[in-house]
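Structure record follows, encoded as structure tokens.
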Amino acid sequence: MNQGSILPLRLAQVSFAVGGPAIIDRVSLEIEAGPSTIILGANGAGKSVLMRLMHGLLSPTSGRIEWNASERHGAPRKQAMVFQRPVMLRRSAYANVAYALKIAGIPEPQRGALVREALESVGLSHLAHRPARVLSGGEQQRLALARAWALHPEVLFLDEPTASLDPSATREIESVIKAFDAAGTKVVMATHNLGQAKRLGDEILFLNEGQLVERAPVEQFFTKPQSAQAAAFIKGELPWT
Amino acid sequence: MDVIRRLLLSVALLAALPVLAQEKFIVVASTTSTEQSGLFGHILPAFQKKTGIQVRVVALGTGQALDLARRGDADVVFVHARSVEEKFLSEGYGVKRFPVMYNDFVLIGPKSDPASVAGGKDILEALKRIEATRAAFVSRGDKSGTHIAEIALWKAANVDIEKEKGPWYRDTGQGMGPALNTAAAMSGYILADRGTWISFKNRGELAIAVEGDKRLFNEYGVMLVNPAKHPNVKKDLGQVFVDWVISPEGQRAIAGYKIGGEQLFFPNAGRPGA
Amino acid sequence: MPDALNAALGLLIGLDSKLVEIVLLSLRVSLSAVAIAALLGLPLGAAIAVGRFPGRQTVIVVLNALMGLPPVVVGLLVYLLLSRAGPLGPLGILFTPSAMVVAQTILILPIIAALSRQAIEDAWREYEEQLRSLGAGRMDAALTLLWDTRFSLLTTILAGFGRAAAEVGAVMIVGGNIDGVTRVMTTTIALETSKGDLPLALGLGIILIAIVIAVNAGAYLTKELAQRRYG
């Protein structure tokens, strides 16, 4: 275990509620470096909230969330997130990626090379100077990936990144994610799409009504689900959604 | 951050520039009717040419002009309501009052003349008839010199205007021009200074009904604001103006101002009984 | 009305030097006021939009209400401040264009702050998650949003300019409508109206409206061009 690494991430009895019933109910888990982790579940299972809790956008109402090493203030973040709908600034694609580097404190002279590399890795170099907001949905999401990856984070959270995209754009995004995974970034992705989970995941964390019901390597999960809810979910979902 | 700081500094400097570029000037508080008559436009350039002092005229009603001077926001007052000027002096706000000139008021009325006063030479008689017939009458009601003169005339005519005023008497609280507009709109009678009347373009059905009565003469006085009350008063420059306006040269300039060939103001500085 | 149009055309064709002086002063005063109010009001609006502090809702309500400040009341208050008898008397700027700039700045500052607060708060709802995910603090976020909402903010600034260029109550009191020194378009229109020269007053009014339209058109074109480039 690398001492400077922020992994593993530990959640201990984490709950999250706003007023009414718990959206996340006493979840304990550990995220380790290495295999890509898929958080699988139906809509409303709590996947998005769990992602935001792990990323740090939300604070748990009870329980603890701990990274292995805390991030230094002012140092580039070691974990990044891509949302279902990308939010781009009113600037060029290049400038959007550069913005992320600027916020992270990367000095100006170093930014250019990092931006170009990130755009290259998602195949958007030819659109670098187009206004980001006129790009297609798929292109914007690739740009979001480039922006997240530009700082070479250790962990990349992805919250249903292809849910709003058409099949060809989805394929493009999946290939980029696979490339990042292969390059060593820890991928944690939420999805309700079984096919995608099979294509991209090494292990599955199955969430149902805010609880972590099952955790297994991908092969095992789909062929021999241990819990009734997982089995029902696998049967209920069409494999090509 | 640094950009913002630099922007703020330059804006502050820009705003301060006018204050830095100071020329010689004084602030004279006068009345709207005097300014609108065009007198200042005629005599001040001559004064500035001779002395290099720019005169900035703030034109208000007489009451407001004197209040302005009481607060020290003017260096000289140039108004036409002797009673309130004397009060101003007695309160210690002015140094000394010098008579400068006089013009006259005229009674303006509709050509239809509902009160039968047109052509008369007696202003008090005319006012009595207007009150008796309840003919429409517009008053300035704004503590101006004209308003104070009007009130004094009602009193001299033995009309208790406070008691007698009704829907026929419109107290507008406006300057001379707007009041004339109101009189034109409602075909009413109104007391106006000749200067404003001559320049007034929106006459409608109005014409001069009564003029020439000695009681209609309107006297102007000039006073330096007392530097003892407000040390910031430009007493030297102000005194130059006061001296000039009552000097033969200044008095000639005043007499030389004409509209349509008619002289509006009659200099009377240094005249006994002025 | 034909008299008014004639009067307006006459003034324009003659390029009456007094008219030019009055128009330039009007622009100088109102544009200065807008510049200062924008410099102060935009960051203020952004700070309130992304900030979290006790009494925030009250501040927003008060700021919105101040948009309706009557110009003549602002004029009176600034006069009392700048009068020799008042606290800022020694500055000596009463009855000068500087006083007019001060009064108009105070008048339009709430407009710019309140409207920019709304625009940026709307944008913050869209951007908040993403910006926080990237590690932007509130200050970074405020500055980023100020730039990103720049087209809406341009409209806000134009609203402020329109209000300043149109008002007469404040500049009349603190400027004194002094011929050649503090006489602007609106006070000249008021003066000519009170002198009964209505065609001239209306003619000047037409010129004033034309100028405000020109400023707005210029800003709109700039916005369109820029928007095409940046999306």
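Protein chains in written order, with my numbering: chain A, -2 to 238; chain B, 263 to 536; chain C, 22 to 252. Idealized CB from N, CA, C, for every residue including glycine. From a predicted model like this one, the values you see are computed outputs, not experimental measurements.
Count the other CB atoms, across all protein chains shown, that sit within 10 Å of the CB of residue i; report buried if there are 16 or more and exposed otherwise.
i        : result
A/Tyr91  : buried
B/Gly571 : The structure shown does not extend to residue 571 of chain B, since chain B spans only 263 to 536, so no value can be given for it.
A/Arg49  : buried
B/Glu285 : exposed
B/Val484 : buried
B/Gly211 : Since the first residue shown for chain B is 263 and the last is 536, residue 211 of chain B is missing from the structure and cannot be characterised.
B/Gly512 : buried
C/Ile230 : exposed
A/Asn93  : buried
A/His123 : exposed
A/Glu27  : exposed
C/Tyr241 : exposed
A/Glu211 : buried
B/Pro312 : The displayed chain sequence assigns Lys, not Pro, to residue 312 of chain B. Exposed, because fewer than 16 other Cβ atoms sit within 10 Å of the Cβ of B/Lys312.
A/Gln10  : exposed
B/Val281 : Any reading at B/Val281 must be qualified, since the residue scores a pLDDT of 45, below 50, and its modelled position is unreliable; the value itself is stated next. When all chains shown are included, B/Val281 counts as exposed.
B/Ala283 : For B/Ala283, the pLDDT reaches just 48, beneath the cut-off of 50, and the residue's location in the model is therefore unreliable, although a value from the coordinates is still provided. When all chains shown are included, B/Ala283 counts as exposed.
B/Asn365 : buried
With DSSP collapsed to three states, give me the class of residue i.
i        : result
B/Asn420 : coil
A/Ile103 : coil
A/Ala125 : coil
B/Ala283 : Unreliable placement is indicated for B/Ala283, whose pLDDT of 48 sits below 50; the coordinate value is still reported in the next sentence. Note: B/Ala283 maps to coil in three-state DSSP.
B/Met363 : strand
A/Tyr96  : helix
A/Gly60  : strand
B/Tyr451 : strand
C/Val12  : Chain C is shown from 22 up to 252; residue 12 of chain C falls before or after that span and cannot be answered.
B/Asn480 : strand
C/Ser119 : helix
C/Met193 : helix
B/Phe350 : helix
B/Phe503 : helix
C/Gly108 : Here the sequence assigns Pro to residue 108 of chain C, which means Gly is not the residue at that position. Three-state result, C/Pro108: coil.
A/Asp156 : strand
B/Val379 : coil
C/Gly224 : helix
So residue i and residue j are in contact, right, with Cβ under 8 Å, and what is the actual spacing, rounded?
i        : j        : result
A/Leu4   : A/Met51  : Wrong, their Cβ atoms sit about 11 Å apart, outside the cutoff.
C/Ala120 : C/Val95  : With 8 Å as the limit, C/Ala120 and C/Val95 do not qualify as a contact, their Cβ atoms being about 12 Å apart.
C/Ile232 : C/Val44  : 7 Å
B/Leu404 : B/Gly435 : In the sequence on display, residue 404 of chain B carries Asp and not Leu. With a Cβ gap of about 5 Å, B/Asp404 and B/Gly435 count as contacting.
B/Ala336 : B/Val507 : Contact flag wrong, Cβ pair sits at about 15 Å.
A/Ala66  : A/Gly1   : 6 Å
A/Arg87  : C/Asp143 : Going by Cβ atoms, the distance from A/Arg87 to C/Asp143 rounds to 14 Å, so no, they are not a contact pair.
A/Leu202 : A/Leu209 : 6 Å
B/Leu526 : B/Gly457 : 5 Å
A/Ala180 : A/Arg144 : Wrong, their Cβ atoms sit about 16 Å apart, outside the cutoff.
A/Ala152 : A/Lys75  : Note that residue 152 of chain A corresponds to Val in the displayed sequence, not to Ala. At roughly 7 Å, the Cβ-Cβ gap stays under 8 Å, so A/Val152 and A/Lys75 are in contact.
B/Ile370 : B/Ala445 : 7 Å
Consider the Cβ of residue i: report whether some Cβ of chain D lies at a distance smaller than 9 Å.
i       : result
A/Val84 : No chain D is present in this structure, whose protein chains are A, B and C.
Item to check | Meets three-Cβ-pair contact criterion under 8 Å: the region 481 to 496 of chain B and the region 322 to 334 of chain B | outcome: yes
Checklist entry - Looking at chain C, which residues of the region 324 to 352 of chain B have a Cβ within less than 7 Å of any of its Cβ atoms? => result Arg333, Gly334, Asp335
Checklist entry - So does the region 13 to 21 of chain A actually touch the region 57 to 66 of chain A, counting three or more Cβ pairs closer than 8 Å? => result yes
Checklist entry - Can you list, in chain order, the residues of the region 160 to 185 of chain C whose Cβ is nearer than 8 Å to any Cβ on chain B? => result none
Item to check | Meets three-Cβ-pair contact criterion under 8 Å: the region 64 to 71 of chain C and the region 128 to 146 of chain C | outcome: yes
Next on the checklist: Counting only Cβ-Cβ distances shorter than 8 Å, please list the residues of the region 149 to 180 of chain A near chain C, keeping chain order.
Outcome noted: none
Checklist entry - Three or more C-beta pairs closer than 8 Å, one from the region 373 to 380 of chain B and one from the region 427 to 437 of chain B: is that the case here? => result no
Checklist entry - Taking one C-beta from the region 31 to 43 of chain A and one from the region 106 to 116 of chain C each time, how about it: are there three or more such pairs within less than 8 Å? => result no
Item to check | Contact residues within the region 428 to 461 of chain B, judged by C-beta distance below 7 Å to chain C | outcome: Gly437, Gly439, Pro440, Leu442, Asn443, Ser461
Checklist entry - Name the residues in the region 146 to 161 of chain C whose C-beta lies less than 7 Å from a C-beta of chain A; which are they? => result Glu147, Tyr148, Glu150, Gln151, Arg153, Ser154, Leu155, Gly156, Ala157, Asp161
Checklist entry - So, do the region 389 to 409 of chain B and the region 449 to 462 of chain B have three or more beta carbon pairs nearer to each other than 8 Å? => result yes
Checklist entry - Given a limit of 7 Å on CB to CB distance, which residues of the region 73 to 98 of chain C reach chain A? => result none
Next on the checklist: To be precise: take each residue of the region 40 to 58 of chain A, compare its Cβ to all Cβ atoms of chain C, and keep it if any distance is under 7 Å. Which residues remain?
Outcome noted: His52, Leu54
Next on the checklist: Against chain C, which members of the region 301 to 313 of chain B pass a CB distance test of less than 8 Å?
Outcome noted: Phe302, Gly303
Item to check | Segment contact flag, the region 188 to 208 of chain C with the region 43 to 59 of chain C, C-beta cutoff 8 Å, min 3 pairs | outcome: yes
Item to check | Sufficient close CB pairs (3 or more, under 8 Å) joining the region 119 to 137 of chain A to the region 78 to 85 of chain A | outcome: yes
Item to check | Near-chain C residues of the region 486 to 498 of chain B - C-beta to any C-beta below 7 Å | outcome: His492, Asn494
Next on the checklist: Check whether the region 25 to 36 of chain C and the region 220 to 229 of chain C are in contact - that is, three or more C-beta pairs closer than 8 Å.
Outcome noted: yes
Checklist entry - Does the pairing of the region 183 to 191 of chain C with the region 406 to 414 of chain B give three or more beta-carbon distances under 8 Å? => result no
Checklist entry - In chain order, what residues of the region 191 to 206 of chain A put their CB closer than 8 Å to some CB of chain C? => result none
Item to check | the region 186 to 200 of chain C touching the region 161 to 176 of chain C, judged by at least three CB pairs closer than 8 Å | outcome: no
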